[in-house]
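J.:
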């Protein structure tokens, strides 16, 4: 029997040994050939069946090989997937560490830059301050040389006080309200004052004014002694200046307190005599008879409220009579000035009046402020928006 070799169809080949009686030879058949094809080629020999069976067995072996190959491939893919995942985690960790390191480096660099910039600014600021100081020194020196070339002349005053100005200059020409220079008897220097030449006949020297809260009245003794503020706005003339005005020879002065509430209601308290003792007695205040519609808050309601004949007090010079303490509205108080926000006044165990208290803007609640406790509405103290204290000369017939 001649061995058969089928045409090449692209299929896998199987090689088998053919066992003949006289000789041996190899038979090559295609692995996917059907039994019918093989039988057509070899119908005369029974060994074809063995060939077919051998081919079938070979096919089974190939299938087994494919299964093993597939399993090996799947296992290889799993390993590759696992490796890829670990690589990703490693890359993420490296990236995170890089970002953290970069952030730290950036912060350190920015901090260094800021420190350098601040040092430069400090240096420039010091240079500017030094230059400004030099300019001020040079300017002062120039002004001093200019002033030295002019003869010194005394300041010309307008009168002893605003009443004196009204009675002298006002008899010749109109004297409007405004700033004037006065030189009271006993004073060692002239000084500027605000004169009210319109209110109730004029001739008033304004010694205190409150209206908008711009000027801080939380002051120490030295400020209340010399005076502070703006004569065209809010101010305190000064205890020493007031003393010079009201203690002139052959004169007496009245005090007028003008009050205005938040709802623009007006009230006043007038005293027909007003004078102060000297600094050694802490400018103790003395008042005459009261008249007005705001009540006599200086004398108060109780004996311990009476501020008449009391020395002036501030937070650093305490003359309020609270030794060791006073009882005010059930509260133990050691300093009336401190209770009234460190303002200065003629306190007597605090009392009902303090026209130098903290100025509160309209509509705001307050416990302490500008006080005139005898001016009430519906049994409650009226909230005061503005106030002024004015003095005007009166003539005592006994002095004539």
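Residue numbers (UniProt numbering): 1 to 400.
For each residue, glycine too, the CB sits at the ideal point set by N, CA and C.
Remember, it's a predicted structure, so these values are computed and weren't measured experimentally.
Find the nearest neighbour of residue 222 within the set 373, 344 and 380, judged by alpha-carbon distance.
T.: Locating residue 222 in the chain shown gives position 222, where the first residue counts as 1. Here the closest residue by C-alpha is 344.
J.: Report the rounded CA-to-CA distance for residue 357 versus residue 331, giving the unit in angstroms.
T.: Locating residue 357 in the chain shown gives position 357, where the first residue counts as 1. Locating residue 331 in the chain shown gives position 331, where the first residue counts as 1. Residue 357 and residue 331: Cα-Cα distance of roughly 19 angstroms.
J.: Please state whether the Cβ-Cβ distance between residue 254 and residue 346 is less than 7 angstroms.
T.: The residue labelled residue 254 in the question sits at position 254 within the chain shown. The residue labelled residue 346 in the question sits at position 346 within the chain shown. No. Outside cutoff.
J.: So, with DSSP's three-state summary, where would you put residue 348?
T.: Residue 348 sits at position 348 when you count from the first residue of the chain shown. Reduced to three states, the DSSP call for residue 348 is coil.
J.: Please state the DSSP three-state secondary structure of residue 225.
T.: Here residue 225 refers to the residue found at position 225 when the chain shown is read from its first residue. In the structure shown, residue 225 sits in a helix (DSSP, three-state: H, G or I).
J.: What does DSSP give as the partner residue(s) for residue 266 in the beta ladder?
T.: In the chain shown, residue 266 corresponds to position 266, counting from 1. According to DSSP, which records beta bridges pairwise, residue 266 is partnered with 260.
J.: What does DSSP give as the partner residues of residue 287 in its beta bridges?
T.: One-based indexing of the chain shown puts residue 287 at position 287. Partner(s): 274.
J.: May I ask you to list the residues that DSSP assigns as paired with residue 209?
T.: Taking the chain shown and counting its residues from 1, one reaches residue 209 at position 209. Bridge partners of residue 209: 235 and 388.
J.: How long is the line joining the alpha carbons of residue 108 and residue 101, rounded to whole angstroms?
T.: Taking the chain shown and counting its residues from 1, one reaches residue 108 at position 108. Taking the chain shown and counting its residues from 1, one reaches residue 101 at position 101. Going by the C-alpha atoms only, they are around 11 angstroms apart.
J.: Where do the N-terminal and C-terminal ends of the beta strand (DSSP E) with residue 327 fall, by residue?
T.: Taking the first residue of the chain shown as 1, we reach residue 327 at position 327. In the DSSP assignment, residue 327 falls within the unbroken beta strand (DSSP E) covering 326 to 328.
J.: I'd like to know if the stretch 242 to 259 and the stretch 177 to 190 are in contact, where contact means that at least 3 CB-CB pairs between them fall below 8 angstroms.
T.: yes
J.: May I ask which residues mark the beginning and end of the beta strand (DSSP E) holding residue 195?
T.: By 1-based counting over the chain shown, the position of residue 195 is 195. 191 to 196 is the span of the beta strand (DSSP E), which, as asked, contains residue 195.
J.: Comparing C-alpha positions only, which one of 112, 125 and 382 sits nearest to residue 262?
T.: Stepping through the chain shown from its first residue, residue 262 is reached at position 262. Residue 382 is the option with its Cα nearest to residue 262.
J.: From residue 229 to residue 168, what distance separates their C-alpha atoms?
T.: Reading the chain shown from its first residue, position 229 is the one you call residue 229. Reading the chain shown from its first residue, position 168 is the one you call residue 168. Their backbone Cα atoms lie some 29 angstroms apart in a straight line.
J.: What residues in its chain sit with their C-beta under 8 angstroms from that of residue 337, if we drop five residues either side in the sequence?
T.: Along the chain shown, one-based indexing puts residue 337 at 337. Cβ within range, chain order: 313, 314, 315, 318, 320, 343, 344, 345 and 347.
J.: Just to confirm, is the Cβ distance from residue 307 to residue 326 under 7 angstroms?
T.: Here residue 307 corresponds to residue number 307 of the chain shown, with the count starting at 1. Here residue 326 corresponds to residue number 326 of the chain shown, with the count starting at 1. At least 7 angstroms separates the beta-carbon of residue 307 from that of residue 326.
J.: Would you kindly check if the distance between the Cβ of residue 234 and the Cβ of residue 215 is under 7 angstroms?
T.: Counting from 1 along the chain shown, the entry for residue 215 is found at position 215. Counting from 1 along the chain shown, the entry for residue 234 is found at position 234. Going by C-beta atoms, residue 215 is nearer than 7 angstroms to residue 234.
J.: From the DSSP output, in three-state form, read off residue 173 for me.
T.: Here residue 173 refers to the residue found at position 173 when the chain shown is read from its first residue. Coil, per DSSP.
J.: Assign residue 123 to buried or exposed, taking buried as 16 or more other Cβ atoms, counted over all protein chains shown, within 10 Å of its Cβ.
T.: For this step, residue 123 is matched to residue 123 along the chain shown. Per the 10 Å Cβ criterion, exposed.
J.: May I ask which residues mark the beginning and end of the beta strand (DSSP E) holding residue 179?
T.: On the chain shown, position 179 is the one that residue 179 refers to. That run of the beta strand (DSSP E) goes 178 to 182.
J.: Thinking C-alpha only, which one of 189, 201, 190 and 191 is nearest residue 175?
T.: Numbered from its first residue, the chain shown carries residue 175 at position 175. If we check each option's Cα against that of residue 175, 201 comes out closest.
J.: Beta-carbon separation of residue 197 and residue 171 under 7 angstroms?
T.: For the purposes of this step, residue 197 is taken as the residue at position 197 of the chain shown. For the purposes of this step, residue 171 is taken as the residue at position 171 of the chain shown. Going by C-beta atoms, residue 197 is not nearer than 7 angstroms to residue 171.
J.: Tell me residue 331's beta-bridge partners as DSSP assigns them.
T.: Your numbering for residue 331 matches position 331 in the chain shown. Note: residue 331 sits in a beta bridge opposite 328.
J.: Classify residue 189: buried if its beta carbon has 16 or more other beta carbons within 10 angstroms, exposed otherwise.
T.: Taking the first residue of the chain shown as 1, we reach residue 189 at position 189. Exposed, by the Cβ-count rule.
J.: Mind checking which residues open and close the alpha helix (DSSP H) that includes residue 338?
T.: Here residue 338 refers to the residue found at position 338 when the chain shown is read from its first residue. Looking at the DSSP string, the run of the alpha helix (DSSP H) that includes residue 338 is 336 to 339.
J.: Can you tell me whether residue 118 is buried or exposed? The criterion is at least 16 other CB atoms within 10 Å of its CB, across all chains shown.
T.: As a working mapping, residue 118 is identified with position 118 in the chain shown. That one is exposed.
J.: Could you tell me how far apart the beta carbons of residue 269 and residue 305 are, in whole angstroms, since I believe they sit closer than 8 angstroms?
T.: For this step, residue 269 is matched to residue 269 along the chain shown. For this step, residue 305 is matched to residue 305 along the chain shown. Not confirmed; about 14 angstroms, so no contact.
J.: Within the same chain, show all residues whose beta-carbon is closer than 6 angstroms to that of residue 394, passing over the 5 residues directly before and after it, in chain order.
T.: The residue given as residue 394 occupies position 394 in the chain shown. Closer than 6 angstroms at the Cβ level, and outside the excluded window around residue 394, lie 252 and 254.
J.: Which residues in the same chain have their Cβ closer than 6 angstroms to the Cβ of residue 351, if we skip the five residues on either side of it in sequence?
T.: One-based indexing of the chain shown puts residue 351 at position 351. Within its own chain, the residues whose Cβ lies closer than 6 angstroms to the Cβ of residue 351, once the five positions on either side in sequence are excluded, are 300, 305 and 307, listed in chain order.
J.: Please classify residue 92 as buried or exposed, where buried requires at least 16 other C-beta atoms within 10 Å of its C-beta.
T.: Taking the chain shown and counting its residues from 1, the one referred to as residue 92 is at position 92. Label assigned to residue 92: exposed.
J.: Measure the alpha-carbon distance for residue 241 versus residue 288 and round it to whole angstroms.
T.: Numbered from 1 along the chain shown, position 241 holds the residue referred to as residue 241. Numbered from 1 along the chain shown, position 288 holds the residue referred to as residue 288. Roughly 20 angstroms separates the two Cα atoms.
J.: Mind checking residue 17: buried by the 16 CB within 10 Å criterion, or exposed?
T.: As a working mapping, residue 17 is identified with position 17 in the chain shown. Note that residue 17 has pLDDT 45, beneath the 50 cutoff, so the model's placement of it is unreliable and the number below is only indicative. That one is exposed.
J.: By DSSP, does residue 365 sit in helix, in strand, or in coil?
T.: Residue mapping note: residue 365 aligns to position 365 of the chain shown, counting from 1. Low confidence applies here, because residue 365 scores a pLDDT of 46, under 50, leaving its location unreliable; read the following figure in that light. Residue 365: coil per DSSP, three-state reduction.
J.: Can you check whether the C-beta of residue 215 is within less than 7 angstroms of a C-beta belonging to chain C?
T.: Absent from the structure is chain C; it holds one protein chain and no more.
J.: Roughly how many whole angstroms lie between the Cα atoms of residue 371 and residue 224?
T.: Your numbering for residue 371 matches position 371 in the chain shown. Your numbering for residue 224 matches position 224 in the chain shown. C-alpha separation (whole angstroms): 18 angstroms.
J.: What does the alpha-carbon distance come out to for the pair residue 290 and residue 181?
T.: Here residue 290 corresponds to residue number 290 of the chain shown, with the count starting at 1. Here residue 181 corresponds to residue number 181 of the chain shown, with the count starting at 1. When only Cα atoms are considered, residue 290 and residue 181 end up about 30 angstroms apart.
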